[in-house]
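Structure record follows, encoded as structure tokens.
The following block contains the structure:
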């Protein structure tokens, strides 16, 4: 049996319904196309805006003795993973974006012969990160000397100081309180400072420290 349209629907009605369905499908297609185009235009405008009005970038220098974990810390923050590292000769620099805040981060070589060149990187610095090997009790006094040598530098007079007490995942690591006392951090009066327990290998504590820097340099709470 051949199906037929109900008698109350004339051919003209069927044609009208068919036309309406086609119009509806066309509208849906155009609307979706416009939405995609609008999204693409929004992304383009966003890129154009940042090109014309670039966001302020904050400079961080990362210092510490050789084998403290500076480069591992940098790339854990930058890539979210542990990378194979070699002793830094000179410096590494990467851009980090944390909660829409841009940081230019300079990782400075920590070998004795390279420490005298640290000061050449200080100009324009907003924050200093000092990475401490919490298991290296024999050399922490050397890091104290380096720290108090760099802090009076004129180019760092407005910089904040974050101390990463690194390698807290290892046995016999000094506690942040021990490191604070050994480095005499409480004697620092001209810089805001903070010590953060962390592990560059696991990432624990790294973003807590970076969040502290972000809040200090922007003057805004980051949640």
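Residue numbers (the working numbering): 2 to 224.
Cβ atoms here follow ideal geometry from the backbone N, Cα and C, with glycine treated the same way.
All values derive from a computational prediction rather than experimental measurement.
- In this structure, residue 104 and residue 58 form a Cβ contact; the two beta carbons are roughly 7 Å apart against a cut-off of 8 Å.
- Look at residue 127 here: in three-state DSSP terms it is coil, with no helix or strand label.
- Taking the Cβ atoms as the reference, residue 83 lies roughly 6 Å from residue 73, within the contact range of under 8 Å.
- Judged by DSSP secondary structure, residue 178 falls within the alpha helix (DSSP H) whose first and last residues are 177-184.
- The Cβ atoms of residue 214 and residue 120 do not sit closer than 8 Å to each other.
- Rounded to the nearest angstrom, the gap between the Cα atoms of residue 125 and residue 156 is 7 Å.
- Here residue 170 is actually not in contact with residue 207; their C-beta atoms are around 12 Å apart, not less than 8 Å.
- Here residue 81 is exposed, its C-beta having fewer than 16 other C-beta atoms within 10 Å.
- Take residue 154, set aside five residues on each side of it, and the residues of its chain with a beta-carbon closer than 7 Å to its own are 120 and 123, in chain order.
- Contact between residue 106 and residue 75 holds: CB atoms are separated by about 6 Å, below the 8 Å threshold.
- Taking 8 Å as the cut-off, the beta carbon of residue 111 is found no closer than this to the beta carbon of residue 91.
- Assignment of residue 197 by DSSP, reduced to helix, strand and coil, places it in the strand class.
- By the criterion of a C-beta distance shorter than 6 Å, residue 181 is surrounded in its chain by 196, once the five residues flanking it on both sides are discounted.
- Boundaries of the alpha helix (DSSP H) harbouring residue 142: 141-151, taken from the DSSP string.
- Using a 10 angstroms sphere on the CB of residue 167, the tally of other CB atoms reaches 16 or more, which defines it as buried.
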